[in-house]
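Using this note's numbering, the letters of the sequence shown map in sequence onto residues 854 to 998. Yeah, the Cβ is synthetic: ideal placement off N, Cα and C, and Gly gets one too. Computed from a predicted model, the values in this text were never measured in an experiment. Have a look at the structure below, then the notes.
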Amino acid sequence: MPIIIICSIGCIAYFLKYKATRQPTEVILKNSKYTVGEITSDDYGDRRYAKGNDYTFRYSGGTIRKGHQNGEFINGRKYLVVYDSTDIRNGYLILDKFDITDSLEKYHVHKNYDYYDVGWSLPNIPFKYDKSDIEYEVKVNLRSE
């Protein structure tokens with residue numbers, strides 16, 4: 854019985870520390886970074902709570918995250934992902950208006966093993982997008998507190 858309790862507490866602590874992620878709010882804007890997210894599934898709508906596309910991205914320290922989100926995504930294409938660089942649990946989202954697949958090659962941004970290992974601040978994003986458009990799109994998609 855004590856072993857089950859210890860294992861349960863350990864699993865809960867692991868989930869709270871590493872897996873629990875809130876819906877992104879305005880908090881994400883204070884320490885936002887941008888990286889490359891890759892769509893890994895076609896759009897699906899049959900699932901009760903997980904409508905949209907699946908995607909993966911890598912952020913600081915090489916940690917890989919997976920998510921799903923509704924939007925105008927194409928399987929296999931790459932899009933900008935915004936995340937809180939100080940605490941990933943504050944949320945992240947992928948921006949369907951910013952398909953960067955072709956820009957990656959044009960601006961010589963290459964994969965490090967299987968994922969893109971980058972984290973740009975808004976002014977340092979190397980692609981030719983209006984930074985105010987990116988910031989506006991992030992704000993539109995955030996959950997209000």
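Check, Outcome
"Of the residues Asp896, Gly905 and Thr888, the one placed nearest Pro976, counting alpha carbons only", "Thr888"
"Distance CB(Lys886)-CB(Ser985) smaller than 8 Å", "no"
"The region 875–882 contacting the region 918–926, beta-carbon criterion three pairs below 8 Å", "no"
"Which listed residue (Asp896, Lys883, Ile857 and Lys992) has its alpha carbon closest to that of Arg930", "Asp896"
"Gln970 vs Gly915 beta-carbon contact at 8 Å", "The residue you asked about is not Gln; residue 970 is Asp in the sequence shown. Contact flag set, yes."
"Of the listed residues Tyr960, Val935 and Ile857, nearest to Leu948 (C-alpha basis)", "Val935"
"Option in Ile941, Glu925 and His961 with minimal Cα separation from Gly905", "Glu925"
"3-residue-minimum beta strand (DSSP E) runs that sit fully inside the region 880–947, ordered along the chain", "885–892, 906–912, 916–922 and 931–937"
"Element boundaries [alpha helix (DSSP H), containing Lys981]", "No alpha helix (DSSP H) holds Lys981; DSSP gives it neither H nor E."
"Cβ distance (whole Å) where Ser938 is taken to contact Gly890 below 8 Å", "Ser938 to Gly890, Cβ: 15 Å. No contact."
"Euclidean distance between Cα positions of Pro979 and Tyr932", "13 Å"
"DSSP bridge partner residues for Asn994 (one or two, in chain order)", "The partner list for Asn994 (beta bridge, DSSP) is empty, contrary to what the question assumes."
"Nearest to Ser894 (by Cα), restricted to the options Asn884, Tyr908 and Leu882", "Tyr908"
"Cβ pair Lys950, Glu988 closer than 8 Å", "no"
"Chain-order list of residues whose beta-carbon lies under 8 Å from that of Ile927 (same chain, five-residue window excluded)", "Ile892 and Asp952"
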